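Written below as structure tokens is the structure these notes are about.
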């Protein structure tokens with residue numbers, strides 16, 4: 001995994017597909033990102049136990065990536081429907 005290999009540089013272009021169907025099983029956000037993308041961003045830019053703030057959390061893919069990788073998360077959004085979607089996604093986590 002190039003994220004953890006100190007002697008190697010990560011590629012500047014990541015080839016990651018669109019969100020998988022299971023990532024949208026409770027509904028979807030119009031700009032939802034794939035979990036794999038946010039996992040890479042979280043691992044490349046934070047350490048275990050760090051707090052990640054997403055002031056435009058939408059369906060909370062950043063939050064899911066944070067929780068699955070031992071980070072704390074604060075998500076904010078003005079749209080109640082997307083916050084409800086986020087709560088369902090967090091409730092479905094197996095960590």
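Residue numbers (my numbering): 1 to 95. Idealized CB from N, CA, C, for every residue including glycine. Since the structure is predicted, the reported quantities are computational estimates derived from the model, not experimental observations.
Would you call the CB atoms of residue 70 and residue 57 closer than 8 Å?
no
DSSP state of residue 41, grouped into three classes?
Assignment of residue 41 by DSSP, reduced to helix, strand and coil, places it in the helix class.
My assumption, with CB atoms under 8 Å, is that residue 62 sits in contact with residue 32. Please give the rounded CB distance.
With 8 Å as the limit, residue 62 and residue 32 do not qualify as a contact, their Cβ atoms being about 11 Å apart.
So, for residue 23: in the same chain, excluding its five sequence neighbours on each side, which residues have a beta-carbon less than 6 Å away from its beta-carbon?
35
Where in the stretch 16-83 do unbroken runs of the alpha helix (DSSP H), each at least 4 residues long, occur, reported from the N-terminal end onward?
35-45, 61-68
Are there 16 or more other CB atoms within 10 angstroms of the CB of residue 86, so buried, or fewer, so exposed?
Taking every protein chain shown into account, the CB of residue 86 has 16 or more other CB atoms within 10 angstroms, so this residue is buried.
Put residue 88 into one of helix, strand or coil per three-state DSSP.
Reduced to three states, the DSSP call for residue 88 is helix.
Measuring alpha carbon to alpha carbon, tell me which residue in 38, 91, 39, 18 is nearest residue 30.
Ranked by how close their Cα comes to the Cα of residue 30, the residues 38, 91, 39, 18 have 18 in first place.
Could you say which of 79, 59, 90, 72 lies nearest to residue 42 if we only look at CA atoms?
72
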